[in-house]
Every structure is written in structure tokens, then in C-alpha cells.
């Protein structure tokens, strides 16, 4: 009979394994595309050509179609691919692709040429679009409903001119308590008119010393949008209070944002709690059995009922309503009741200590968060005052330089006017002298002519 049961169990296990792990043929549809991102700088009226390589990385032949789409971001950061809804940054109408479809066998590749031309008069800033390659399985192994896959290459175009590169970190969040793999999230506002390639870096400090440095993957921040970035910090088994510092380089300066958090080994704490619970589960029944055996040998003169003082203490400790009946208890000896009372009091003290430590820990975390926030605001105000003083000094220096330059130019102009007046005065004086000489000569001639007439009259 036992052999028959064993054979039946083995049969059902074999059947279950065959049903669970039997191989199933699925059509694998995958497309690869390079490059994934293209950045161009083109002025109005200029154009550029390029190509995208699409590879069938799956096991089924594909019919591939190619097209260009615009996309934009909603207020909550979600990406929306739009067709026929042009925005300020739309660039799909600037593209021409060399082909609209093609056939790709497994492992084969195809080159998609494209040409983009910026229209004259385009405003300075960034524009973008995505070139999609969408494949559909057409082989014999493809299911009735064809499998599809779509990949895209993002093309970012910058029109030079009055380009504004400006952004700020809105917030940076790290959970107050974590362990090893700590999640993080931050939001970045791009308030300029050109995209920014963000290369965030997060440093974890403990006591002012760097214990971890994480380089986040490059992220594109689009103009007039808020980009949210999420990830994880892979930390070692280092307990205690830490501070995460987010760093983003931009235009020669570094933006910082700080967030304190506490690393606790909660798996070890949970394991210790489970171990204590297991030991209590193993030891308490044994102690109770031993106490019962002693009570049977030495019964107490008076029995403990369910409504006695110990029962009331149990109700108060465990929070049991007086309306609920307790099971009838066996009578205990005086030593057993004393041990029970001591154990109960010790348990209540431990629970109260844990509550106080938990409240103290939360209070310390709130104080640290408030202190970090105040320090951050004070630092920001101090930096703003320093920047304001620097701007005032720059304005004063520029004003002094302008006044000095105007004074030099005025002095130079006055000197030139004085020289021109002197030259004109000299010219007038020379003309006056020449005219005076001519007048004197003329008068001399008149005098000579008059004397001659007098002499002739007298004769």
C-alpha cells in the first residue's frame, strides 16, 4: 500500500513538472537601432543629412515601416507622441526620410537615410522629433495577431542665436529610513529655450566624509519642462545618520541639493525579532508545562479565577475588554504568580522603552530635517547676499569705468575744440595782418598820388 502511494505521488509530481517546465515555442520579435540620439546645430536655412541603422535582432522576419513624430511632455512628466499637433518645439515637418517601409530577415539590417532642413527665420532654441522604426512579424511562426515592436532615434536640433541655458533643482527626495538599496528622486526645471544634457551625481556623506558616489545616467532636460529622475543608491552595510548630496554641473557652476536620511539594518532587526519570538514560542510552553506539573504536585490553597487580580492585569496589558470572557485558568502557586507578575512588568517596561526610543528617534529625525532645511535656506540667503554684493560692486566698477571713459573722451573733445579754435584764430589773425598790410600799402599809394597832384598844381 505504501509503495502504491509513493508511485502515485511520483507520477503526479512528474506530470506537474512536465506541464510546468515543458518548452513552448514563441516568436521572438526584436528590433535594434543606432544611433539612439542625434544632436545637430543648424541655423535658419541650413540642412543636414544622416542615416539610421535598423537591425532585426529577433527570430522572425519583419515588415518595417519608418515615420517621424513629434513629442512633448505633460505637466506630470509623461511623454506624449503627437501627430498633427505642432508645438513651439516641433521639428517633424523639417524631416524627409529616404524610405517608408522595408523587409528585414532575422539578423539582417537596413540603412534609413534622412535629411533635415531648418526653415529660414526659425527662432533660436531647441527643436526635436523622433524617427520611428516599427516592425511586424510576418513569418510562419508568428501568431494570428501579428507581434509588433517599435524603436526610435531622437533628433535634437539647436538653432543658434539668443540661446538661454537656465535650470534649477526643484526638489530632491530620499526616504528618512533606508538600508543598502535606497531609492531617490529629484525634479529639474529647465526654464531656458534650449535642451540641457544633465549628468547628475549623488554623494553620500557620513560625518562629513564621502562614503559613496553614484553617477546617474545622462538625462535630457527639455525647455520649459520639469523632468523627474528616479533611481537607487547601492550602499554598503553602513549604519547611522547620512546625508545625500545631489550635484549637477551647469555652465561652469555646480547646483547642490541635500537630503538627510538614516540607514538602519532592518533585515537584521527583523531577523532578531523573529528569533526572539521563536525562542519565546519554544520556551514559554515548556515553562508553562513545568509550572503546571509543579502546581499539580503542590496545589495552592486558593484557586485563581478568570476574574481575579492577575486576570485584570492581563486584560490591561493586552488591551482586552472586560466584556470578553477569559478562559478559566489553572491555579498557580505563589512563586508562579510572582514569576508571572515579574515577567509581565518586565515586558511592559521593555515595550515602554521601545515606544520612548521610537518617539525620540522620530523627534531627532524631524530636528535633523528642520536643521538641514534651515541651513540650506541660510546658505541660499547668504549666497544671494554675496551675489547681490558682487553685482553691486560690478555695477559700481562699470559705472566708474564709464565715468572715467566719458571724462577722457570729454577732455579729448575739449582739447580738439581748443586746438581748432586756436587754428581758426591764427588764420583770422594772419588774414587781419595781411589785410592791414594791404590797407597800409593802399593808403601809402594814395598819399603818394596826392602829393604829386599838389606839386603839379603849384607849378
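Residue numbers (the working numbering): 6 to 464. Quick reminder that beta carbons are idealized off the backbone N, C-alpha and C, glycines included. Remember, it's a predicted structure, so these values are computed and weren't measured experimentally.
Going by the DSSP bridge assignment, what does residue i pair with across the sheet?
{"i": "residue 142", "result": "67"}
{"i": "residue 235", "result": "190"}
{"i": "residue 219", "result": "207"}
{"i": "residue 353", "result": "Answer is none; residue 353 lacks a bridge partner."}
{"i": "residue 449", "result": "Answer is none; residue 449 lacks a bridge partner."}
{"i": "residue 133", "result": "95 and 161"}
{"i": "residue 115", "result": "59"}
{"i": "residue 212", "result": "Paired residue(s): none; residue 212 is not in a bridge."}
{"i": "residue 430", "result": "Paired residue(s): none; residue 430 is not in a bridge."}
{"i": "residue 360", "result": "In DSSP, residue 360 forms no bridge with anything."}
{"i": "residue 125", "result": "None, per the DSSP bridge assignment."}
{"i": "residue 265", "result": "248"}
{"i": "residue 255", "result": "258"}
{"i": "residue 225", "result": "202"}
Do the CB positions of residue i and residue j come within less than 8 Å of each other?
{"i": "residue 203", "j": "residue 217", "result": "no"}
{"i": "residue 100", "j": "residue 134", "result": "yes"}
{"i": "residue 191", "j": "residue 251", "result": "yes"}
{"i": "residue 117", "j": "residue 56", "result": "yes"}
{"i": "residue 60", "j": "residue 131", "result": "no"}
{"i": "residue 167", "j": "residue 124", "result": "no"}
{"i": "residue 36", "j": "residue 127", "result": "no"}
{"i": "residue 102", "j": "residue 73", "result": "yes"}
{"i": "residue 120", "j": "residue 54", "result": "yes"}
{"i": "residue 82", "j": "residue 164", "result": "no"}
{"i": "residue 106", "j": "residue 70", "result": "yes"}
If we count the other Cβ atoms within 10 Å of its Cβ and call it buried at 16 or more, is residue i buried or exposed?
{"i": "residue 227", "result": "buried"}
{"i": "residue 5", "result": "The chain is shown only over 6 to 464; residue 5 falls outside these bounds and no answer can be derived."}
{"i": "residue 76", "result": "buried"}
{"i": "residue 4", "result": "The first residue shown for the chain is 6 and the last is 464, placing residue 4 beyond what the model contains."}
{"i": "residue 205", "result": "buried"}
{"i": "residue 38", "result": "buried"}
{"i": "residue 311", "result": "Because residue 311 carries a pLDDT of 42, less than 50, the predicted location of this residue cannot be relied on, and the following value inherits that uncertainty. Exposed is the call here."}
{"i": "residue 286", "result": "exposed"}
{"i": "residue 65", "result": "buried"}
{"i": "residue 84", "result": "exposed"}
{"i": "residue 444", "result": "exposed"}
{"i": "residue 306", "result": "Here the model assigns residue 306 a pLDDT of 46, short of 50, so the residue's position is not dependable, and the following value carries that caveat. Exposed."}
{"i": "residue 437", "result": "exposed"}
{"i": "residue 207", "result": "buried"}
{"i": "residue 41", "result": "exposed"}
{"i": "residue 264", "result": "buried"}
{"i": "residue 257", "result": "exposed"}
{"i": "residue 63", "result": "buried"}
{"i": "residue 215", "result": "exposed"}
{"i": "residue 212", "result": "exposed"}
{"i": "residue 288", "result": "exposed"}
{"i": "residue 92", "result": "exposed"}
{"i": "residue 397", "result": "exposed"}
May I have the straight-line CA-CA distance separating residue i from residue j, to the nearest angstrom?
{"i": "residue 46", "j": "residue 222", "result": "23 Å"}
{"i": "residue 446", "j": "residue 419", "result": "40 Å"}
{"i": "residue 97", "j": "residue 179", "result": "39 Å"}
{"i": "residue 44", "j": "residue 269", "result": "44 Å"}
{"i": "residue 200", "j": "residue 229", "result": "9 Å"}
{"i": "residue 104", "j": "residue 181", "result": "54 Å"}
{"i": "residue 51", "j": "residue 136", "result": "20 Å"}
{"i": "residue 364", "j": "residue 249", "result": "24 Å"}
{"i": "residue 195", "j": "residue 233", "result": "11 Å"}
{"i": "residue 423", "j": "residue 402", "result": "31 Å"}
{"i": "residue 220", "j": "residue 237", "result": "11 Å"}
{"i": "residue 411", "j": "residue 429", "result": "27 Å"}
{"i": "residue 372", "j": "residue 360", "result": "18 Å"}
{"i": "residue 354", "j": "residue 282", "result": "17 Å"}
{"i": "residue 432", "j": "residue 441", "result": "14 Å"}
{"i": "residue 409", "j": "residue 169", "result": "33 Å"}
{"i": "residue 111", "j": "residue 154", "result": "14 Å"}
{"i": "residue 407", "j": "residue 414", "result": "10 Å"}
{"i": "residue 260", "j": "residue 193", "result": "11 Å"}
{"i": "residue 185", "j": "residue 209", "result": "12 Å"}
{"i": "residue 427", "j": "residue 434", "result": "10 Å"}
{"i": "residue 395", "j": "residue 162", "result": "36 Å"}
Consider the Cβ of residue i: report whether some Cβ of chain D lies at a distance smaller than 8 Å.
{"i": "residue 184", "result": "Protein chains in the displayed structure number just one, and chain D is not present."}
**Item:** Cβ contact check for the stretch 170-188 and the stretch 127-144: 3 or more pairs under 8 Å
**Value:** no
**Prompt:** Is the stretch 154-165 touching the stretch 241-258, taking contact as three or more C-beta pairs under 8 Å?
**Reply:** no
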